[in-house]
Amino acid sequence: MPRRRALPPHRRATATAMPPANLSISAPSAAAAPPPPLYLRRRPLIAAAALLFLLVIVVLAAAHPYGYAPWLANAAPAALLRRPVSTTFYSFDLLREYPHDPYAFTQGLLYGGNDTFFESTGLYHRSSVRRVDLKTGKVLVQHEMDGRLFGEGLTLLNDKLFQVVWMKNQGFIYDRHNFSKRESFTHKMSDGWGLATDGKVLFGSDGTSRLYQLDPKSIQVMKTVTVKYQDNEVPYLNELEYINGEVWANVWQTDCIARVSHEDGLVVGWIFLHELRQHLWNSGNTEIDVLNGIAWDEENQRLFVTGKLWPKIYEIKLRPVDGPQDGSVEKLCPKASFYR
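See the structure below:
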């Protein structure tokens, strides 16, 4: 797995005060009381002007949403330059559960309309792209991949399904209506793990803390951000989904979903789903693997989640909960018990 690269340190500009100009003062006359020197007469005016200037800056800074004047950004302390982030935490209410193929090693999941999903499954000699009925779990259409390929993330842009594969800088584009119509592409991510789209660009993950933005036509990397929570990188970003302006990412080997700002990579929310896996395990489903799979029905505002080799897909509703503001990623999202 690639090493994580530290961001370059912020530099803070400093202002240098200019010394006052030398003043030429005439000698006092013995016949009459001399007027105050120029530097004494100007001092009250300069002090008053400086006080007024400082007062204006304080008022404007207080009125600014980030607490500082934007034209003084280069001279502001580094702490003021950071975008304020209020992290929210969520548990869930279970609304419905649906059957899911327990042999599907889910790597990519997305809502396809009309109560169907598009799903990409992994494992060598078992990888596929399929369309699945929500209510019955039945596989409606399936394309079986070459046995040497390990299927990974999947997303839908217009009528094209984009898929990446594990351990290769390779991917495929399928016609959503006919999986036999497909073409291949290469990408420059370190690996292929997750894919999502906002309808304009592709978002990709490679199992590190990096979140990529890719041009859907050229598949060239347009932008990369490092996903962080409280200045700590969040590694193992896996399956992705774009929801209401955020990229939601499964964090591999955990029961957590990170809600990420794709603009700067900051985690703005955490979703805790450990109860789903624990319930399956306690019900005798001891062959299940990790939580992985997020699908969003934008039209009906429905959220679905599942996991690798899970026999269920769950429709859930998020419920805000109190969370530890100072908790590390490892404390918030420890590895699932069967990975310890």
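Anchor point for the sequence shown: position 121 equals 121 in UniProt numbering, and the numbering is continuous, going up by one each time.
By construction, the Cβ of each residue, glycine as well, lies at the ideal position given by its N, Cα and C atoms.
Once you ignore the five residues that flank residue i on each side, which residues in its own chain have a CB closer than 8 Å to its CB?
i, result
"N232", "S328, V329"
"G103", "Looking at the sequence itself, residue 103 is Tyr, so the reference to Gly does not match. The answer, listed in chain order, is R126, L309."
"D322", "F89"
"D159", "D175, R176, H177"
"N285", "P102, W310, P311"
"K335", "Q253, T254"
"R148", "Y124"
Going along the chain, which residues of its own chain have a beta-carbon closer than 6 Å to the beta-carbon of residue i, five neighbours each way excluded?
i, result
"D191", "D206, G207"
"R304", "Before going further, note that residue 304 is Phe rather than Arg in the sequence given. Only A295, I313, E315 meet the Cβ criterion."
"I219", "F185, H187"
"P99", "G137"
"G204", "M189, L195, Y212, L214"
"E241", "A196, W248, I294, W296"
"P216", "L157, L202"
"H262", "V247"
"V139", "R130, V132"
"E97", "K312, Y314"
"K317", "D93, L95"
Going by beta-carbon coordinates alone, are residue i and residue j separated by less than 9 Å?
i, j, result
"T197", "L157", "yes"
"E152", "Q107", "yes"
"C256", "L273", "yes"
"T121", "F105", "yes"
"A258", "V234", "yes"
"E169", "E239", "Rather than Glu, the amino acid found at residue 169 in this sequence is Asn. It is not a contact, given that the beta carbons lie outside the stated cut-off."
From residue i to residue j, what distance separates their C-alpha atoms?
i, j, result
"Q142", "K223", "33 Å"
"G112", "Q301", "14 Å"
"D326", "F179", "47 Å"
"residue 342", "I288", "In the structure displayed, the chain extends from 1 to 340; residue 342 sits before or after that span and is not available."
"E275", "G245", "27 Å"
"I243", "V267", "14 Å"
"E299", "T87", "26 Å"
"R130", "L110", "11 Å"
"C333", "V225", "21 Å"
"E119", "L161", "10 Å"
"V260", "G269", "7 Å"
"Y124", "R182", "20 Å"
"F172", "L94", "34 Å"
"L72", "Q230", "Because the pLDDT at L72 is just 36, under 50, the model does not fix this residue reliably, and the point stays unresolved."
"F150", "K331", "31 Å"
"V164", "S209", "18 Å"
"G265", "V251", "14 Å"
"G307", "H279", "13 Å"
"G199", "K228", "24 Å"
"P324", "D146", "46 Å"
"T155", "S128", "14 Å"
Bridge partners for residue i per DSSP, in chain order?
i, result
"S205", "G194, L211"
"S184", "F172"
"H143", "V129"
"I271", "Y90, I257"
"G151", "V165"
"G108", "S120"
"E263", "Paired residues: none, contrary to the question."
"G113", "T116"
"N158", "DSSP output for N158 lists no bridge partner at all."
"R96", "E315"
Going by beta carbon distance, what residues of the same chain come within less than 7 Å of residue i, once the five residues before and after it are set aside?
i, result
"M167", "F150, D191"
"S91", "F272, R319, V321"
"V290", "W252, Q253, G307, K308, A336"
Exercise for review: Please list the segments of the alpha helix (DSSP H) lying wholly inside the segment 297-338, counting only runs of 4 or more residues, in order along the chain.
Suggested key: 329-332
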